[in-house]
Amino acid sequence: ALETSAECGSLALFSGADLLGEVHLDEGERHAASLLVCLERLLGARGLALDAVDRIALAIGPGSFTGLRIGLATALGLAFGTDRLLVPVPTLAALATQGPSVGLIAPLLDARRSEVYAGLYRSDGSALVADSCGSIGEFLSRLPPDEPVALLGSGVSSHRAEISARLGARAVFLPPESGRLRAASVGRLALRLAAAGASVAPELVELRYLRRAEAEAKRLALHPGSEPIP
1 ALETSAECGS LALFSGADLL GEVHLDEGER HAASLLVCLE RLLGARGLAL
51 DAVDRIALAI GPGSFTGLRI GLATALGLAF GTDRLLVPVP TLAALATQGP
101 SVGLIAPLLD ARRSEVYAGL YRSDGSALVA DSCGSIGEFL SRLPPDEPVA
151 LLGSGVSSHR AEISARLGAR AVFLPPESGR LRAASVGRLA LRLAAAGASV
201 APELVELRYL RRAEAEAKRL ALHPGSEPIP
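First residue of the sequence shown: 1, per my numbering; consecutive thereafter.
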């Protein structure tokens with residue numbers, strides 16, 4: 001399982017539902033070479049070779065544009081020339097599984113430009129509204145009016161005052177450590193998704209950006225008649 005959508009990536013190794021190991025990368029180490037070194041270490045610690053890996057779970061975003069592309073490139077490299085399938089895992093859905101086991105969970109990631117990547121989930125990772133990118137006010141206005149909501153992720157702290165003002169006692173702020181997405185959470189959700197038929201050929205994986213990169217947005221603003229870059 002690969003997680004590269006946040007500032008610091010991680011990688012986890014599973015045998016069925018059993019977590020065999022997990023490695024967290026330091027900030028600045030989130031690149032393909034580090035991921036491959038971590039994978040070799042995890043496999044070596046269990047006396048396994050790369051041939052033992054038959055499926056790859058990948059956090060597909062939203063999140064860091066560069067990080068997401070690094071994760072996908074790594075997954076594609078590991079799958080090239082093999083029969084390995086990939087399991088695309090929405091980042092916010094995986095983050096929601098790190099919340100409480102009951103109730104509504106709102107994973108929020110800092111999207112910069114005073115915006116958040118936001119979703120509303122149950123604890124099993126099932127989405128109640130479509131993931132979105134926008135202001136915190138826009139997201140809060142779409143929440144059910146009565147139920148408490150547990151909030152976690154990098155987008156919470158900078159908007160805590162507005163969340164408290166809008167939700168009052170309904171807002172349940174989870175500890176910061178629970179808002180750091182783990183590759184283990186990506187892998188566990190991938191197991192459920194794979195059981196439901198979500199495994200795909202590597203070339204069919206699409207990253208979930210939710211908005212264009214800043215450079216692309218500026219290019220289109222300057223040249224409105226140009227074609228967007230896929």
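All C-beta atoms in this analysis are idealised placements derived from N, C-alpha and C, irrespective of residue type, glycine included. These figures come from a predicted structure and were not determined experimentally.
Check, Outcome
"Neighbour-count burial assignment, T91, 16 or more Cβ in a 10 Å radius", "buried"
"Sequence-distant residues of the same chain with beta carbon closer than 6 Å to A194, five excluded per side", "V87"
"Sequence-distant residues of its chain with Cβ nearer than 6 Å to R166 (five each side left out)", "L140"
"Where the alpha helix (DSSP H) through G137 begins and ends", "136–140"
"Burial state of I229, where buried means 16 or more other Cβ atoms lie within 10 Å", "Unreliable placement is indicated for I229, whose pLDDT of 40 sits below 50; the coordinate value is still reported in the next sentence. Its Cβ having fewer than 16 others within 10 Å, I229 is exposed."
"Beta-carbon proximity check, L104 vs G155, cutoff 7 Å", "no"
"For A75 and L20, believed in contact at Cβ under 8 Å, the rounded distance", "Contact doesn't hold; Cβ gap of about 18 Å is too wide."
"Uninterrupted alpha helix (DSSP H) stretches inside the stretch 175–209 (no shorter than 4 residues)", "183–195"
"C-beta contact flag for L174 and L68 at 7 Å", "no"
"Helix, strand or coil at S132 according to DSSP, with G and I counted as helix", "strand"
"Test item: CB-CB of E162 and G134 under 7 Å", "no"
"Reduced DSSP secondary structure (H/G/I, E/B, other) of G99", "coil"
"Spatial distance of R41 from L78 (CA atoms)", "15 Å"
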